[in-house]
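Protein chains: 2
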Amino acid sequence: KQEKKWSYGKRGMTLEEDINESNQYYLERGIAAIHKKPTPVQIVQVDYPRRSAAVIKEAYFKQASTTDYNGVYKGKYIDFEAKETQNTSSFPFKNFHPHQIQHMKAVLQQKGICFVLLRFSATDEVYLIDAEDLLFFWGRMENGGRKSMTKSEISERGHLIKLGFQPRIDYIKIIDYVYDFI
Amino acid sequence: KQEKKWSYGKRGMTLEEDINESNQYYLERGIAAIHKKPTPVQIVQVDYPRRSAAVIKEAYFKQASTTDYNGVYKGKYIDFEAKETQNTSSFPFKNFHPHQIQHMKAVLQQKGICFVLLRFSATDEVYLIDAEDLLFFWGRMENGGRKSMTKSEISERGHLIKLGFQPRIDYIKIIDYVYDFI
Ligand SMILES: [Mg+2]
Ligand SMILES: [Mg+2]
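Okay, structure coming up:
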C-alpha cells in the first residue's frame, strides 16, 4: 500500500504563516528584509478611554491596492503575492484582484522582481511563478480564454519550491536561481 | 515690510498627504511605484452582519515594525520614513522608534536605498536625510550625546527638497542626485 507522505498542510500552518516564518528566518540571518504588509482597514470610529490605549470601535476591511509582501534582497526590490487553492488541477484567477495585477505591472515596469507564491493545499505544493508568466495567462483570460492556469502550465512555467523545516518555504533560493543577480 | 511668503503648511496638507500625492504622481507617470504601508492594527472582534460587509468592532493600533513607505524605482528598493516636527532648531529623536531604526539597518545591510523625509512644519522645509547619516546621529545619542539632530547638522548632511505643485515633494529627483543609479 501507498505510504502516506509527510503532510505539510497537516501541521495547520497557513501559507501566510509559513512565509512569515521564512521571512523572519531571512531577517534574523541578514539574508533579506521582506515583510508582510498590514491588512488595510478603513477606520471609522476610535474611542480614547482615559488611562488606556485608543480603541478602534468601527472599522472595515479595505481592498488591498498592492500585493501581500515586499522588501529588499541584495539591493533589489522584491514583491510578491501569496495565494492558496483547494483545487488540484488548476489555479483559478478569481483569487486575484485586478488592482493586484495592475500593481504587478507597475513593479515590472520599474524592473522590480515580482512573482506569486501559489500553494496547492491538497498536495502541499508551493510554486513560484514570475509575474510575467502570470500576466501571460491573465492576458489569455482577458482575450476570452480560460479563467485559470492549469496545473501543468504552472509546473512548466513555475518553479516548485522544496519545503523544509527552516525556512519552511525557501523562496530566496529560487530567486537566486531564476533571476540574474549581478 | 516683509512680504509673507507663500505658505506651504497653510494649505492644510500633512506631510503624509503630500507624499501620497507625490507617489500617485510617480505611479501614474511610470516614474516609480512607491506606496504607504497600511496602519497596522490588531483586530480583536469582527461582526459579520447578514447581507453586509464585515465590521471590525474592536481593534487596537499596533506599533509599526518597519517604516512608512517602500517601493521600487529603477529596480532598486526604496524605503523611507516621514516625520514632522514643530521644532525649529532641531529634530528630536523621540520621533523615531527603535524598531524603525532597526529596520533601516536591515535595509542598508541589504543595500536598499533608505532615508527619512523630515519636515520642519514652522518653516515648511522638507529634508531628505540618508539613513546612514541618521544612524550616525542616533549612535551619538546612544553614546550619551544629544537626543536630537540640530537644524544645521540636517542642512549640512541632508538635502533640502524644493517644494512644488506637482509633485509636491519631488524626492525622486533628489534620489537620482544623491544615489548612484547605473
Ligand atoms: Mg494573498
Ligand atoms: Mg511617519
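Those sequence lines, one after another, are chains V and A. Going by my numbering, the first sequence opens with residue 13, and the numbers climb by one from there. Going by my numbering, the second sequence opens with residue 13, and the numbers climb by one from there. All C-beta atoms, glycine included, are put in the ideal place defined by N, C-alpha and C.
Residue i Cβ short of 7 Å to ligand 1 heavy atom set
| i | result |
| --- | --- |
| Ile159 (chain A) | One point to set straight first is that residue 159 (chain A) is Lys, not Ile, in the sequence displayed. It does not: the Cβ of Lys159 (chain A) is nowhere closer than 7 Å to a heavy atom of ligand 1. |
| Glu93 (chain V) | yes |
| Asp30 (chain V) | no |
Residue i and residue j closer than 8 Å at C-beta
| i | j | result |
| --- | --- | --- |
| Ile125 (chain A) | Asp80 (chain A) | no |
| Leu27 (chain A) | Ala134 (chain A) | no |
| Thr78 (chain V) | His115 (chain V) | yes |
| Ile31 (chain A) | Phe103 (chain A) | no |
| Lys69 (chain A) | Lys69 (chain V) | yes |
| Ser34 (chain A) | Pro179 (chain A) | yes |
| Asn82 (chain V) | Asn82 (chain A) | yes |
Limits of the beta strand (DSSP E) - the one that residue i falls within
| i | result |
| --- | --- |
| Tyr72 (chain A) | Val67 to Phe73 |
| Asp136 (chain V) | No beta strand (DSSP E) holds Asp136 (chain V); DSSP gives it neither H nor E. |
| Ser102 (chain V) | Ser102 to Pro104 |
| Lys48 (chain A) | Ala45 to Lys48 |
Near ligand 2: residue i beta-carbon under 7 Å from a heavy atom
| i | result |
| --- | --- |
| Asp80 (chain A) | yes |
Residue of the options minimising C-alpha distance to residue i
| i | options | result |
| --- | --- | --- |
| Tyr191 (chain A) | A:Ile181, A:His171, A:Ile113 and A:Gly176 | A:His171 |
| Arg158 (chain A) | A:Ile173, A:Lys106 and A:Ala134 | A:Lys106 |
| Ala66 (chain V) | A:Val53, A:Arg63, A:Thr26 and A:Ser77 | A:Val53 |
| Glu96 (chain A) | A:Asp136, A:Asn35 and A:Gly176 | A:Asp136 |
| Ser164 (chain V) | V:Met153, V:Gln178 and V:Phe149 | V:Phe149 |
| Ser101 (chain A) | A:Asp188, A:Gln75, A:Tyr37 and A:Ser160 | A:Ser160 |
| Asn99 (chain A) | A:Thr162, A:Tyr189, A:Leu175 and A:Met25 | A:Thr162 |
| Ala76 (chain A) | V:Pro50, V:Ile113, V:Tyr189 and V:Tyr139 | V:Pro50 |
| Val138 (chain A) | A:Glu40, A:Gly176 and A:Tyr189 | A:Gly176 |
| His111 (chain V) | V:Leu39, V:Lys74 and V:Tyr189 | V:Lys74 |
| Tyr85 (chain V) | V:Ala71, V:Tyr72, V:Ile113 and V:Leu39 | V:Leu39 |
| Met153 (chain V) | V:Ile113, V:Leu140 and V:Asp188 | V:Ile113 |
Check: residue i C-beta below 7 Å from any heavy atom of ligand 3
| i | result |
| --- | --- |
| Asn155 (chain V) | Of the ligands one can find in the structure shown, namely ligand 1 and ligand 2, none is ligand 3. |
Residue i - containing alpha helix (DSSP H), residue span
| i | result |
| --- | --- |
| Ala118 (chain A) | Pro110 to Gln121 |
| Ser77 (chain A) | Careful: Ser77 (chain A) lies outside any alpha helix (DSSP H) and carries neither H nor E. |
| Ser164 (chain V) | Lys163 to Arg169 |
| Ala143 (chain A) | Ala143 to Glu154 |
| Tyr89 (chain V) | Element bounds for Tyr89 (chain V): not the alpha helix (DSSP H) but the beta strand (DSSP E), Lys88 to Thr97. |
| Leu175 (chain A) | Counting along the chain, Leu175 (chain A) falls outside any alpha helix (DSSP H), and DSSP gives it neither H nor E. |
| Lys185 (chain V) | Tyr183 to Val190 |
| Ile31 (chain A) | Leu27 to Glu40 |
Proximal chain B residues relative to residue i, where beta-carbon distance stays under 8 Å
| i | result |
| --- | --- |
| Ala118 (chain A) | Annotation note: the requested chain B is absent from the structure, which comprises protein chains V and A. |
Exercise. Count the CB pairs spanning the region 129 to 138 of chain V and the region 81 to 89 of chain A that are closer than 8 Å, and state whether there are at least three.
Key: Too few Cβ pairs lie closer than 8 Å, so no.
Quiz item: Would you call the region 31 to 46 of chain V and the region 177 to 189 of chain V touching, i.e. three or more CB-CB distances under 8 Å?
Solution: The region 31 to 46 of chain V vs the region 177 to 189 of chain V: in contact.
Practice problem: Could you tell me whether the region 111 to 124 of chain V touches the region 142 to 153 of chain V, using the rule of 3 or more Cβ pairs below 8 Å? | Solution: By the C-beta criterion, the region 111 to 124 of chain V is judged to be in contact with the region 142 to 153 of chain V, since at least 3 inter-stretch pairs fall below 8 Å.
Quiz prompt | Meets three-Cβ-pair contact criterion under 8 Å: the region 50 to 58 of chain A and the region 171 to 180 of chain V | solution = Remark: fewer than three beta-carbon pairs, one from each stretch, lie closer than 8 Å, so the region 50 to 58 of chain A and the region 171 to 180 of chain V are not flagged as touching.
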